[in-house]
Amino acid sequence: MGLDPTINFTEENLNFDKEILKAELKEILKAEDQIISLIVKAEGLYNLEKEYTQTQVDKYSILEDKQHSSQLAPLKNFISEVFIGHKVSWNGQSIDDGYTVLIESITYKHDFLEESQPISGIEGMVTTKIKNDKELEDKIFEYKINFSIYKEGADPKYFMIDPKLCGNT
Numbered sequence: 125m126g127l128d129p130t131i132n133f134t135e136e137n138l139n140f141d142k143e144i145l146k147a148e149l150k151e152i153l154k155a156e157d158q159i160i161s162l163i164v165k166a167e168g169l170y171n172l173e174k175e176y177t178q179t180q181v182d183k184y185s186i187l188e189d190k191q192h193s194s195q196l197a198p199l200k201n202f203i204s205e206v207f208i209g210h211k212v213s214w215n216g217q218s219i220d221d222g223y224t225v226l227i228e229s230i231t232y233k234h235d236f237l238e239e240s241q242p243i244s245g246i247e248g249m250v251t252t253k254i255k256n257d258k259e260l261e262d263k264i265f266e267y268k269i270n271f272s273i274y275k276e277g278a279d280p281k282y283f284m285i286d287p288k289l290c291g292n293t
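Its first residue numbered 125, the sequence shown is counted upward by one per residue in my numbering.
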């Protein structure tokens with residue numbers, strides 16, 4: 125069996141095919157609201173000494189959305205895909221009994237969310253909407269999740285992580 129002479133495997137054709145596949149994948153991804161869950165090994169993070177590092181906070185924290193999990197990459201590189209004109213929500217979860225994780229606020233540098241900042245949490249959750257602006261497509265936005273850990277019978281402790289969002293249509 126030899127190669128089919130009618131198939132042209134030039135670099136130009138392969139790049140063209142790659143662009144067609146990317147366009148088709150975008151059509152498959154249905155624009156919808158995004159939910160981002162912050163899952164925390166709360167006991168370990170709560171019990172860190174006062175002089176903790178961001179690396180330690182990241183070690184005890186996992187982010188998950190409908191498509192991705194930060195278990196597969198460093199938390200600082202975690203990017204959630206959000207859809208322009210749609211809602212995005214953040215919630216906190218503890219994997220340890222006796223601890224509660226609440227999202228206190230979301231802060232950000234760029235003007236990509238409809239609400240002014242900080243966006244405060246209500247009952248430990250934050251929900252807002254991505255601006256309906258086509259200029260946001262394929263842009264990466266840095267932001268901060270400010271969260272607290274409550275331990276039964278003790279004062280809360282406050283932490284921050286800084287993942288990213290990517291706009292999609």
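Note that beta-carbon positions come from the ideal geometry of N, C-alpha and C, so glycine has one too.
Buried versus exposed call for residue i [16 or more other C-beta atoms within 10 Å across all chains shown]
i: Ala155; result: exposed
i: Asp257; result: exposed
i: Asp279; result: exposed
i: Ile208; result: buried
i: His282; result: In the sequence as displayed, the identity of residue 282 is Tyr instead of His. Exposed, by the Cβ-count rule.
i: Asp262; result: exposed
i: Gly277; result: exposed
According to DSSP, residues forming a beta bridge with residue i
i: Asp194; result: Before going on, a small fix: residue 194 reads as Ser here, not Asp. Paired residues: none, contrary to the question.
i: Glu239; result: Glu239 pairs with nothing; no bridge assigned.
i: Glu261; result: Gly291
Nearest residue (CA-CA) to residue i, options the options
i: Phe236; options: Tyr267, Ile219, Trp214, Lys281; result: Tyr267
i: Gly245; options: Gly291, His210, Trp214; result: Trp214
i: Pro198; options: Phe207, Lys263, Ile186, Val206; result: Ile186
i: Ser272; options: Met284, Glu261, Thr293; result: Met284
CB contact check: residue i to chain D, cutoff 9 Å
i: Gln217; result: Structure shown: chain D not included; a single protein chain is present.
Between the CA atoms of residue j and residue i - distance to the nearest angstrom
i: Lys174; j: Gln180; result: 12 Å
i: Lys288; j: Lys200; result: 8 Å
i: Glu259; j: Gly222; result: 44 Å
i: Tyr232; j: Glu188; result: 19 Å
i: Lys211; j: Gln195; result: 24 Å
i: Phe265; j: His234; result: 7 Å
Any non-hydrogen atom of the ligand GTP within 8 Å of residue i CB
i: Lys233; result: Annotation note on the ligand GTP: not contained in the displayed structure, which lists no ligands.
Inset, instruction - Let me know the alpha helix (DSSP H) ranges lying completely inside the region 151-227, each 4 residues or longer, listed in chain order. - result: 166-170, 178-183
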